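Numbering (our numbering), first residue to last: 35 to 264. Ideal Cβ placement from N, Cα and C applies to all residues, glycine included. Since we're looking at a predicted model, the values are computed, not measured.
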Amino acid sequence: MRNEQRCIRGTEYGTLRSMKTDWAILRIRSNWRRKIVLSFVLSVGIWTAYLVLQRHPVFHVTVMKAARLDQLVPFVPNAVYLYESIWLLMPVAPWLMKSREELNRYTKGLVLVALVGFSIFFFHPSLAPRPKEPPDLNALYGLLIRLDSELNAFPSLHCAFAVFHGACCYAVFSEVPWHRGIRWIVWVWVAGILLSTLLTKQHVLADAAAGSVLGIAGYALCCRAKERQI
35 MRNEQRCIRG
45 TEYGTLRSMK
55 TDWAILRIRS
65 NWRRKIVLSF
75 VLSVGIWTAY
85 LVLQRHPVFH
95 VTVMKAARLD
105 QLVPFVPNAV
115 YLYESIWLLM
125 PVAPWLMKSR
135 EELNRYTKGL
145 VLVALVGFSI
155 FFFHPSLAPR
165 PKEPPDLNAL
175 YGLLIRLDSE
185 LNAFPSLHCA
195 FAVFHGACCY
205 AVFSEVPWHR
215 GIRWIVWVWV
225 AGILLSTLLT
235 KQHVLADAAA
245 GSVLGIAGYA
255 LCCRAKERQI
């Protein structure tokens with residue numbers, strides 16, 4: 035009897051695992067050419083605009099002041115690995131979207147978040163001071179501070195993109211029962227990325243808070259509201 039139950043459970047587990055795999059493969063294949071083009075265009079376009087604004091501020095640059103909580107947060111250069119994990123998070127939701135309509139909503143939301151951030155960077159450039167002599171410097175952190183200057187601090191687009199993509203992942207993984215638990219893992223991941231912006235001293239609390247609000251607003255305006263109409 036026990037052997038039969040084990041066989042049944044094993045069969046159910048194998049079937050469920052197969053369903054998960056098929057679900058992911060079918061979604062990744064859906065509109066894959068469009069996804070490649072969007073990934074390239076959005077990445078190059080957003081990153082180029084970000085660097086131009088960062089290298090050539092037009093107006094007076096405001097130095098962001100550290101709040102009391104910021105002063106309590108230690109500087110942890112190794113948090114850069116969690117900080118840069120956003121590049122693994124960002125492709126998840128768009129590559130698992132199945133329709134052009136979903137991809138269009140995602141694109142509009144991402145562009146809206148970027149444009150609002152860039153507008154603030156242009157008219158109100160700001161910077162978050164870093165430690166002058168970072169202890170225990172690692173290679174990845176060294177690369178980060180060489181490529182990304184202290185400018186473009188408020189709002190934190192790093193936080194905005196993390197929250198926006200977290201919300202997109204939440205929607206994607208809510209569609210099927212066996213993937214609903216993953217959405218909470220994604221939010222823990224997002225929370226870790228937000229914390230890493232403070233631990234690496236890339237941003238202060240005000241930057242992170244404003245960026246988080248921008249990210250969830252972009253999702254709500256371009257994605258969530260229209261999902262309810264379907």
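- Message: If the criterion is Cβ atoms closer than 9 Å, does the pair H237 and A187 meet it?
- Response: For H237 and A187, yes; Cβs fall inside 9 Å.
- Beta-carbon separation (whole angstroms), F74 vs V147, contact threshold 8 Å: Going by Cβ atoms, the distance from F74 to V147 rounds to 19 Å, so no, they are not a contact pair.
- Counting Cβ pairs, one atom from each stretch, are 3 or more of them under 8 Å apart for the region 106-120 and the region 226-234? yes
- Among the residues of its own chain, which have a CB less than 7 Å from the CB of S183, if the five just before and after it don't count? Q88
- Query: Just to confirm, are L137 and L72 a CB contact at a threshold of 9 Å?
  - Reply: Cβ distance < 9 Å, so L137 and L72 count as in contact.
- Opening and closing residue of the alpha helix (DSSP H) in which R139 lies: R134 to F157
- Task: Might you give, ordered along the chain, the residues of its own chain that have their beta carbon closer than 6 Å to the beta carbon of V107, omitting 5 neighbours on each side?
- Result: L232
- Item | Residue of V86, S153 and P163 minimising C-alpha distance to V97 | Considering only alpha carbons, the answer is P163.
- C-beta contact flag for A242 and C193 at 9 Å: yes
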